[in-house]
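Structure record follows, encoded as structure tokens.
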Ligand code: 13P
Ligand code: SF4
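Numbering (the numbering used here), first residue to last: 15 to 350.
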């Protein structure tokens, strides 16, 4: 038997670690807490993770906050409860640390909408343009970019550049168009979008607003223009959460992935949060990628230290430059 740290590696290889048996009597919360200490591991989670994972995370945040936490951690292992591009960003910033993602299949439709080979041709066709890419992209796209941004710093980054600077913005056309409108720019947009934020029904939200005239409608900038136009506030997940904590209203219609409602409700127990309806009857405003991670997979991932994010050093170094630039600009803007 090929055993390491009491783990039968051959058996894990045979059944796949996701299917490894978990003793039903185990308290997974206690086990995960124990492993965090024993392995000097930090658990970073995005707001779109299921509530159990949010409850046990060391840090919950938006993409910028998560990247900043990944940059400053002293842990030996970073367990990333989020999607692949987020864990990949953590690895780019921490080559010597082990970075784990509970389910390696947790991808992102927005990231997938921008393959590096096609984007390379697009970029080559516009050689005088600076490339700003939203962090929701692969390391390959990051390596082709000049500056990375997130939804919380995109406008500030674009505004910091001279007005005559020509810019390609990728991969989210909705966020790019929102910044074009709010900053008066004419950035060239890659035609990508998020499957979750494009599904909201303007008609149903409008009807909901009529039924709840007291409610504020708040939206993530990955939503389509028509939805953003009727929003009272637009921001990243952290900005949306903070808004609901400081704003005086009692009811909110929330146009983003439903996971954030858990934190909103916890932060403001006396307020009502209504998930903005999608344009069909399914739970399409749950991100199927984010929701691939479960408490069970998190436990197994920490136990077996699998699956691990790995990367070619040349790619990592090229992808790191535009992330470093974003982190430096964010420090200058006071976004820490
Ligand atoms: P933020 O949490 O940075 O706003 O990003 C939202 C998102 O869609 C992450 O995939
Ligand atoms: Fe990607 Fe959209 Fe899911 Fe975020 S919510 S991970 S952008 S598919």
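All C-beta atoms in this analysis are idealised placements derived from N, C-alpha and C, irrespective of residue type, glycine included.
- From the listed residues 186, 208 and 210, the smallest Cα separation to residue 202 is found for 186.
- When rounded, the separation of the alpha-carbon atoms in residue 325 and residue 297 is 34 Å.
- One alpha carbon belongs to residue 235, the other to residue 42, and they sit about 35 Å apart.
- Of all residues, those with a beta-carbon under 7 Å from at least one heavy atom of the ligand SF4 are 62, 97, 122, 123, 124, 125, 150, 208, 209, 210, 211, 236, 271, 301, 303 and 304, reported in chain order.
- Apart from the 5 residues on each side of it in sequence, residue 226 sits with its Cβ closer than 8 Å to the Cβ of 265, 267 and 288 in its chain, given in chain order.
- For the 9 Å CB-CB criterion, residue 99 and residue 152 form a contact.
- Residue 77 has its alpha-carbon roughly 16 Å from the corresponding atom of residue 123.
- Taken in chain order, the complete alpha helix (DSSP H) segments of 4 residues or longer contained in the stretch 123 to 186 are 123 to 126, 130 to 138, 153 to 157 and 168 to 173.
- Each of 76, 77, 164, 165, 250 and 251 has a C-beta closer than 5 Å to some heavy atom of the ligand 13P; these make up the full list, in chain order.
- Counted as a single uninterrupted DSSP element, the stretch harbouring residue 74 is not any alpha helix (DSSP H) but the beta strand (DSSP E) occupying residues 73 to 75.
- DSSP places residue 316 within a helical segment (H, G or I) once states are collapsed to three.
- Buried is the label assigned to residue 199, since at least 16 other Cβ atoms lie within 10 Å of its Cβ.
- An exposed status is given to residue 346, since fewer than 16 other beta-carbon atoms sit within 10 Å of its beta-carbon.
- The beta carbons of residue 258 and residue 232 sit closer together than 9 Å.
- Less than 9 Å divides the Cβ of residue 271 from the Cβ of residue 304.
- The Cβ atoms of residue 70 and residue 46 lie closer than 9 Å to each other.
- Taking every protein chain shown into account, the CB of residue 245 has 16 or more other CB atoms within 10 angstroms, so this residue is buried.
- Note on residue 80: 16 or more other CB atoms within 10 angstroms of its CB, so buried under the neighbour-count rule.
- Residue 342 and residue 224 have their alpha carbons spaced roughly 44 Å apart.
- Boundaries for residue 55: no alpha helix (DSSP H) harbours it, while the beta strand (DSSP E) harbouring it runs 55 to 60, taken from the DSSP string.
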